[in-house]
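Engineer: Chains as they are written, first to last, in the numbering used here: chain A, 3 to 148; chain B, 25 to 192. The C-beta atom is built at its ideal place from N, Cα and C for all residues, glycine as well.
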């Protein structure tokens, strides 16, 4: 490559990126009229740029695939649903427990077994909820919104 | 030093670019998301060290790049971004012209992988993360003129590789 060609390297870079000023564009256009190798080079540079632009666009589109954000309305609905479920489950368990434990036909050892399972399950659930709540409080990313 | 709302606004702009950078490094969607989250958290935590008069992305990119390199260092095998890219969801089935385009993308990806690290870096920054020449100079730590001549050499080397590989 001659010294005069080297002057156009920067212009070829900027032309590939559509960053030329009007003066630079006129200068480069004049040069390209008489320089076939620079014309071919610019065409290939643009083809490479278009190809990588398409690749980058596909990756960026993938980045946009995010779960739907929670709004106050969806959060309210979720809380209401959770509360209703909790009340219903507690009510049913309470009534079932009362009927079960007040039934004199059920042997005492069955009542003791069912009671142990119920207390154990409640203890495990309580522990899991505590661990989860503690992890959430300490989560360094809880305020990061991608 | 930048305020937290200012940092959050900068992050909103930086994360899509950062995701592309992470994906190109790691070649994995989930890991790229994770590393972006981690980099965002670190940027927010280290906000007092960011000079608000300078561009944000080069600073954020350094955090992100370090996290990506850490992960790569812990890996037992390398993943290629192009392999993962092939599995990304597409809007429709490929037509013939799209197949030609995909083949060209694979050839360009192979050619980029074969570049010297300093040439590959300018291609990644300009072509995939769409950084300005000034931002690239900030990231690489050299004058803008050097960035442009390096970009020219990188594109020329890519072109040469594609010609040798017979890519249309």
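Note down the Cα distance separating residue 22 of chain A from residue 56 of chain B, rounded to an integer number of angstroms.
Structural biologist: Near 34 angstroms, if we compare the C-alpha coordinates of residue 56 of chain B and residue 22 of chain A.
Engineer: Counting only runs of 4+ residues fully inside the segment 122-169 of chain B, write out the alpha helix (DSSP H) ranges in chain order.
Structural biologist: The qualifying runs are 141-147, 157-164.
Engineer: With a threshold of 8 angstroms between beta carbons, is residue 141 of chain B in contact with chain A?
Structural biologist: It does not; no Cβ of chain A falls within 8 angstroms.
Engineer: Could you tell me if residue 151 of chain B is buried or exposed, where buried requires 16 or more neighbouring beta carbons within 10 angstroms of its beta carbon?
Structural biologist: Residue 151 of chain B is buried by the Cβ-count criterion.
Engineer: Considering only the beta carbon of each residue, do residue 67 of chain B and residue 31 of chain B sit closer than 8 angstroms?
Structural biologist: Going by C-beta atoms, residue 67 of chain B is nearer than 8 angstroms to residue 31 of chain B.
Engineer: By the criterion of Cβ-Cβ separation under 8 angstroms, what are the contact partners of residue 56 of chain A in chain B?
Structural biologist: Simply 125, 129.
Engineer: With H, G and I counted as helix, E and B as strand and the rest as coil, what does DSSP make of residue 37 of chain A?
Structural biologist: Residue 37 of chain A falls in the coil class under three-state DSSP.
Engineer: Note down the Cα distance separating residue 162 of chain B from residue 41 of chain A, rounded to an integer number of angstroms.
Structural biologist: Taking the straight line from one Cα to the other gives about 31 angstroms.
Engineer: Roughly how far, in whole angstroms, is the beta-carbon of residue 11 of chain A from the beta-carbon of residue 85 of chain B, given that I think they are within contact range, below 8 angstroms?
Structural biologist: No, residue 11 of chain A and residue 85 of chain B are not in contact; Cβ-Cβ is about 26 angstroms, not under 8 angstroms.
Engineer: Does chain A have any CB closer than 8 angstroms to the CB of residue 172 of chain B?
Structural biologist: Yes - at least one Cβ of chain A is within 8 angstroms of the one on residue 172 of chain B.
Engineer: From the DSSP output, in three-state form, read off residue 52 of chain B for me.
Structural biologist: Correct three-state label for residue 52 of chain B: coil.
Engineer: Whole-angstrom Cβ separation of residue 186 of chain B and residue 135 of chain B, contact assumed at under 8 angstroms?
Structural biologist: Contact flag correct, Cβ pair sits at about 5 angstroms.
Engineer: Chain A partners of residue 152 of chain B, CB-CB under 7 angstroms?
Structural biologist: Near residue 152 of chain B (Cβ distances below 7 angstroms), the residues of chain A are 54, 58.
Engineer: On a Cα-Cα basis, can you pick out the residue from B/132, B/63, B/26 that is closest to residue 39 of chain B?
Structural biologist: That would be B/63, whose Cα lies nearest to the Cα of residue 39 of chain B.
Engineer: Let's see if you can read the secondary structure: which residues bound the alpha helix (DSSP H) around residue 18 of chain A?
Structural biologist: Its alpha helix (DSSP H) spans residues 11-18.
Engineer: Between residue 102 of chain A and residue 116 of chain A, which are expected to be in contact by the criterion C-beta below 8 angstroms, what is the C-beta distance as a whole number of angstroms?
Structural biologist: Yes, residue 102 of chain A and residue 116 of chain A are in contact; Cβ-Cβ is about 7 angstroms, under 8 angstroms.
Engineer: Rounded to the nearest angstrom, what separates residue 90 of chain B and residue 99 of chain B at their Cα positions?
Structural biologist: For residue 90 of chain B and residue 99 of chain B, the distance between alpha carbons rounds to 14 angstroms.
Engineer: Report the residues of the segment 174-191 of chain B with a CB closer than 7 angstroms to any CB of chain A, ordered along the chain.
Structural biologist: Here the close residues are 175, 176, 179, 182, 183.
Engineer: Whose Cβ in chain A lies nearer than 8 angstroms to the Cβ of residue 163 of chain B?
Structural biologist: Those do not exist, as residue 163 of chain B stays about 16 angstroms from chain A at its closest Cβ, beyond 8 angstroms.
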